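K.L.:
Taken in order, these protein sequences are the chains called L and Y.
So the first sequence is numbered by my numbering: it starts at 133 and just counts up by one.
So the second sequence is numbered by my numbering: it starts at 133 and just counts up by one.
Protein chains: 2
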Amino acid sequence: MAIAARYHGILEAAEDVLGRRGYHQASIREIARAANLSLAGLYHYVRGKDELLFLVLDRALDTLLGDLDRALAEAPTAETRLLALIRTHLDFGFRHPQAMKIINRDWELLDEPRRSEVAAKRQAYVQRGLGILRELDRHGRSGDELLSATNLLLGMLNGIARRPFLRSSEDPRDLAAEVAALFLYGFLERSRAVVPGGEHDD
Amino acid sequence: MAIAARYHGILEAAEDVLGRRGYHQASIREIARAANLSLAGLYHYVRGKDELLFLVLDRALDTLLGDLDRALAEAPTAETRLLALIRTHLDFGFRHPQAMKIINRDWELLDEPRRSEVAAKRQAYVQRGLGILRELDRHGRSGDELLSATNLLLGMLNGIARRPFLRSSEDPRDLAAEVAALFLYGFLERSRAVVPGGEHDD
DNA sequence: GCGCAGACCGAACACGCGTTCGGCAGGAGG
DNA sequence: CCTCCTGCCGAACGCGTGTTCGGTCTGCGC
């Protein structure tokens with residue numbers, strides 16, 4: 133179990149350093165120091181720098197997809213599922229900002245066997261969004277149109293999560309409802325509550 | 133004038149290489165090679181790598197802001213101004229994809245005297261968007277709400293411009309109208325033409 | 001006690017990087 | 001003809017990097 137704890141600590145350190153500095157600025161020496169290990173000691177657990185990136189990326193995407201599917205399973209309607217996706221995404225972004233940065237910024241830097249693996253998980257995430265929008269669609273949009281709308285939505289979410297715009301006063305719950313309202317009804321309308329009665333307190 | 137041509141070529145080369153590889157992966161040697169100069173020859177024109185980044189960034193932001201202000205000046209209503217902003221942004225993204233990447237990805241890497249300078253130009257751009265949304269607002273939104281809506285909108289745009297999702301079939305004009313419609317009226321509504329009669333052919 | 005295996009480390013290697021230095025061509029001015 | 005200046009280059013310096021090698025501990029089976 134001690135080895136597993138070490139491994140876990142290494143992944144945490146790598147996520148933090150890789151997220152804060154970016155893949156190419158982050159040095160393996162810095163990750164080792166953050167994990168309370170020597171440089172060569174870190175190499176005892178990990179084959180190289182790209183494996184470190186892969187491990188962090190893989191774990192983060194598993195967490196994100198897991199959170200999402202758990203939230204989706206509890207949402208009965210398409211509207212609540214959309215809200216659940218937005219909420220999960222923003223929540224993850226606020227709770228694991230470094231992991232989010234790595235997902236959005238550094239995943240292309242992996243080399244080929246592994247790159248496809250995380251690309252598949254990224255695509256699975258997009259598919260969840262696309263499925264929800266397909267349910268929500270009332271105008272018979274084509275797959276291409278739905279896909280670009282999905283990318284628009286995810287772009288909005290990443291635009292928020294990227295930098296701390298309004299993190300000061302707002303909490304992710306309210307923010308998610310606001311984003312959902314804007315996406316569903318547009319900027320010109322204003323309907324505060326997206327889901328008419330679907331709120332449950334925790 | 134030959135010196136000006138050289139300078140221009142250097143900026144083009146730097147924009148291309150910096151955009152494609154990112155600041156820290158791009159080497160000055162590669163930029164020099166792309167500009168048909170030797171390594172030391174490049175240093176004859178430029179003080180260092182960060183100055184290269186600054187020059188590219190500054191020129192790109194000037195172009196973007198210039199394009200935007202020119203398009204805004206011709207747009208009579210708030211709706212057409214919104215459409216103009218979206219169009220300009222997407223157009224710039226399609227025409228100068230490398231410059232767009234640098235603007236969105238690498239500007240934070242500048243060191244302090246210059247960083248503030250490009251931050252100011254970036255903020256000026258956001259202010260244009262915020263002003264348009266303020267005109268468009270029918271619900272007395274607060275400055276914070278308008279700012280976050282602006283960031284949502286810009287996030288959507290960058291989400292598209294980032295990767296070639298649908299570049300195959302769509303052209304920026306149609307795409308811009310689609311984005312504007314989705315932003316103004318929401319996903320649930322569908323109004324094809326955002327601006328009822330404001331189209332002029334070129 | 002003995003040996004072995006695994007956790008861990010200090011020191012080095014090879015390499016690519018940003019930057020600098022000394023110099024070479026060639027045209028202009030005296 | 002000499003000199004200066006500008007555009008440009010080959011070669012090097014110093015440094016930080018990812019990675020590896022040889023070794024030292026410590027604990028456990030026999």
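Glycine included, every Cβ here is placed at the ideal spot set by N, Cα and C.
It should be emphasised that the depicted structure is a prediction, and the values quoted were computed from it without experimental measurement.
Return the CA-CA distance between residue 189 of chain L and residue 244 of chain Y, expressed in angstroms with no decimal places.
P.N.:
As a working mapping, residue 189 of chain L is identified with position 57 in the first sequence. As a working mapping, residue 244 of chain Y is identified with position 112 in the second sequence. Looking at the two C-alpha atoms, the distance is approximately 31 Å.
K.L.:
According to the Cβ coordinates, are residue 254 of chain L and residue 186 of chain L closer than 9 Å?
P.N.:
Counted from its first residue, the first sequence places residue 254 of chain L at position 122. Counted from its first residue, the first sequence places residue 186 of chain L at position 54. No; because the gap between Cβ atoms is not below 9 Å, this pair is not in contact.
K.L.:
Which class does residue 220 of chain Y belong to by DSSP, given the choice of helix, strand or coil?
P.N.:
As a working note, residue 220 of chain Y is residue 88 in the second sequence. Three-state DSSP puts residue 220 of chain Y in a helix.
K.L.:
Flag residue 157 of chain L as yes if its beta-carbon sits less than 9 Å from any beta-carbon of chain Y, otherwise no.
P.N.:
As a position in the first sequence, residue 157 of chain L is number 25, starting the count at 1. Taking Cβ atoms only, chain Y reaches closer than 9 Å to residue 157 of chain L, which makes this a yes.
K.L.:
Quick check on residue 330 of chain L: does DSSP put it in helix, strand or coil?
P.N.:
The count along the first sequence starts at 1 and reaches residue 330 of chain L at position 198. Because the pLDDT of residue 330 of chain L is 42, which lies under 50, any placement of that residue in the model is unreliable, and the question is left without a value.
K.L.:
Touching or not, the segment 214–234 of chain L and the segment 148–159 of chain L, by the rule of three or more beta carbon pairs under 8 Å?
P.N.:
Yes: the two stretches touch, three or more of their Cβ pairs being nearer than 8 Å.
K.L.:
Note down the Cα distance separating residue 318 of chain Y from residue 275 of chain L, rounded to an integer number of angstroms.
P.N.:
Reading the second sequence from its first residue, position 186 is the one you call residue 318 of chain Y. Reading the first sequence from its first residue, position 143 is the one you call residue 275 of chain L. Roughly 18 Å separates the two Cα atoms.
K.L.:
Helix, strand or coil: how does DSSP classify residue 170 of chain Y here?
P.N.:
For the purposes of this step, residue 170 of chain Y is identified with residue 38 of the second sequence, where counting begins at 1. Residue state, collapsed to three classes: coil.
K.L.:
In the DSSP assignment, find the unbroken alpha helix (DSSP H) run with residue 188 of chain L in it and report its ends.
P.N.:
The residue labelled residue 188 of chain L in the question sits at position 56 within the first sequence. From DSSP, the alpha helix (DSSP H) with residue 188 of chain L extends over 181–205.
K.L.:
What separation, rounded to the nearest whole angstrom, lies between the Cα atoms of residue 290 of chain L and residue 287 of chain Y?
P.N.:
As a first step, residue 290 of chain L must be located in the first sequence, where it is residue number 158. As a first step, residue 287 of chain Y must be located in the second sequence, where it is residue number 155. Straight-line Cα distance between these residues: approximately 7 Å.
K.L.:
Only counting the same chain, and skipping five residues up and downstream in sequence, which positions put a Cβ closer than 7 Å to that of residue 285 of chain Y?
P.N.:
Position 153 of the second sequence holds residue 285 of chain Y. Contacts found: 261, 315.
K.L.:
Answer yes or no: do residue 204 of chain Y and residue 309 of chain Y have a C-beta to C-beta separation smaller than 9 Å?
P.N.:
In the second sequence, counting from the first residue as 1, residue 204 of chain Y sits at position 72. In the second sequence, counting from the first residue as 1, residue 309 of chain Y sits at position 177. In this structure, residue 309 of chain Y does not lie closer than 9 Å to residue 204 of chain Y by Cβ.
K.L.:
For the candidate residues L:181, L:272, L:197, whose alpha-carbon lies nearest to that of residue 320 of chain Y?
P.N.:
Position 188 of the second sequence holds residue 320 of chain Y. Looking at the Cα atoms, L:272 is the closest of the given residues.
K.L.:
Are the segment 220–228 of chain Y and the segment 198–212 of chain Y in contact at 8 Å, needing three or more beta carbon pairs?
P.N.:
Verdict: yes, contact present.
K.L.:
Using DSSP with H/G/I as helix, E/B as strand and the rest coil, what is residue 175 of chain L?
P.N.:
Position 43 of the first sequence holds residue 175 of chain L. It is helical.
K.L.:
Could you give the residue range of the alpha helix (DSSP H) that holds residue 246 of chain Y?
P.N.:
Counted from its first residue, the second sequence places residue 246 of chain Y at position 114. 244–268 is the span of the alpha helix (DSSP H), which, as asked, contains residue 246 of chain Y.
K.L.:
List the residues of chain Y whose Cβ lies closer than 7 Å to the Cβ of residue 317 of chain L, in chain order.
P.N.:
Taking the first residue of the first sequence as 1, we reach residue 317 of chain L at position 185. By Cβ distance, chain Y contributes 318, 320.
K.L.:
Within 10 angstroms of its Cβ, does residue 282 of chain Y collect 16 or more other Cβ (buried), or is it exposed?
P.N.:
The residue given as residue 282 of chain Y occupies position 150 in the second sequence. Buried: at least 16 other Cβ atoms inside 10 Å.
K.L.:
Which residue's Cα is closest to the Cα of residue 242 of chain L: L:184, L:143, L:147?
P.N.:
Mapped onto the first sequence, residue 242 of chain L falls at position 110. It is L:184 whose Cα lies nearest to the Cα of residue 242 of chain L.
K.L.:
Thinking C-beta only, is residue 307 of chain Y closer than 9 Å to residue 257 of chain Y?
P.N.:
Mapped onto the second sequence, residue 257 of chain Y falls at position 125. Mapped onto the second sequence, residue 307 of chain Y falls at position 175. In this structure, residue 307 of chain Y does not lie closer than 9 Å to residue 257 of chain Y by Cβ.
K.L.:
Could you name the residues of the same chain whose beta carbon sits closer than 7 Å to that of residue 334 of chain L, not counting the 5 residues immediately before and after it, in chain order?
P.N.:
Here residue 334 of chain L refers to the residue found at position 202 when the first sequence is read from its first residue. Residue placement at residue 334 of chain L is flagged as unreliable, the pLDDT there being 41, under the threshold of 50; a coordinate-derived value is accordingly withheld.
K.L.:
Could you list which residues in chain Y have their beta carbon closer than 9 Å to that of residue 168 of chain L, in chain order?
P.N.:
The residue labelled residue 168 of chain L in the question sits at position 36 within the first sequence. Simply none; closest approach about 27 Å.
K.L.:
Buried or exposed: where does residue 213 of chain Y fall if 16 or more other Cβ atoms within 10 Å of its Cβ makes it buried?
P.N.:
Position 81 of the second sequence, counting from 1, holds the residue named residue 213 of chain Y. Residue 213 of chain Y comes out buried.
K.L.:
According to DSSP, is residue 140 of chain Y part of a helix, a strand, or is it coil?
P.N.:
The count along the second sequence starts at 1 and reaches residue 140 of chain Y at position 8. In the structure shown, residue 140 of chain Y sits in a helix (DSSP, three-state: H, G or I).
K.L.:
Whole-angstrom Cβ separation of residue 156 of chain Y and residue 259 of chain L, contact assumed at under 8 Å?
P.N.:
For the purposes of this step, residue 156 of chain Y is taken as the residue at position 24 of the second sequence. For the purposes of this step, residue 259 of chain L is taken as the residue at position 127 of the first sequence. In fact, because the Cβ distance is near 33 Å, the residues do not count as touching under 8 Å.
K.L.:
Is there a C-beta anywhere in chain L that falls below 9 Å from the one on residue 311 of chain Y?
P.N.:
Walking along the second sequence from the start, residue 311 of chain Y turns up at place 179. Residue 311 of chain Y counts as touching chain L.
K.L.:
What does the alpha-carbon distance come out to for the pair residue 322 of chain Y and residue 311 of chain Y?
P.N.:
The count along the second sequence starts at 1 and reaches residue 322 of chain Y at position 190. The count along the second sequence starts at 1 and reaches residue 311 of chain Y at position 179. Using only the alpha carbons, I get a separation of about 11 Å.
K.L.:
In chain order, what residues of the same chain lie with their CB nearer than 7 Å to the CB of residue 139 of chain L, ignoring the 5 residues before and after it?
P.N.:
On the first sequence, position 7 is the one that residue 139 of chain L refers to. Here the set comprises 177.
K.L.:
Taking just the CA atoms, how far does residue 166 of chain Y sit from residue 145 of chain Y?
P.N.:
As a working note, residue 145 of chain Y is residue 13 in the second sequence. As a working note, residue 166 of chain Y is residue 34 in the second sequence. Straight-line Cα distance between these residues: approximately 5 Å.
K.L.:
With a threshold of 9 Å between beta-carbons, can residue 232 of chain L be considered close to chain Y, or not?
P.N.:
Residue mapping note: residue 232 of chain L aligns to position 100 of the first sequence, counting from 1. Not closer than 9 Å to any Cβ of chain Y, the Cβ of residue 232 of chain L fails to qualify, so no.
K.L.:
Any beta carbon from chain L within less than 9 Å of residue 142 of chain Y's own beta carbon?
P.N.:
Indexing the second sequence from 1 puts residue 142 of chain Y at position 10. No, because no Cβ of chain L sits closer than 9 Å to the Cβ of residue 142 of chain Y.
K.L.:
When the Cα atoms are used, what is the spatial distance from residue 111 of chain Y to residue 147 of chain Y?
P.N.:
Nothing about residue 111 of chain Y can be read from this structure; chain Y reaches only from 133 to 334.
K.L.:
What is the residue span of the alpha helix (DSSP H) that residue 230 of chain Y lies within?
P.N.:
Stepping through the second sequence from its first residue, residue 230 of chain Y is reached at position 98. That run of the alpha helix (DSSP H) goes 229–237.
K.L.:
Residues in its own chain within less than 6 Å of residue 280 of chain Y by CB, not counting five upstream and five downstream?
P.N.:
Translated into positions along the second sequence, residue 280 of chain Y becomes position 148. Counting only Cβ-Cβ distances below 6 Å, and skipping sequence neighbours, we find nothing.
K.L.:
Considering just the uninterrupted stretch of the alpha helix (DSSP H) at residue 308 of chain L, what are its terminal residues?
P.N.:
Taking the first residue of the first sequence as 1, we reach residue 308 of chain L at position 176. Residue 308 of chain L -> alpha helix (DSSP H) spans 304–317.
K.L.:
If we define contact as Cβ-Cβ less than 9 Å, is residue 281 of chain L a contact residue for chain Y?
P.N.:
Along the first sequence, one-based indexing puts residue 281 of chain L at 149. Judged by the 9 Å Cβ criterion, residue 281 of chain L is in contact with chain Y.
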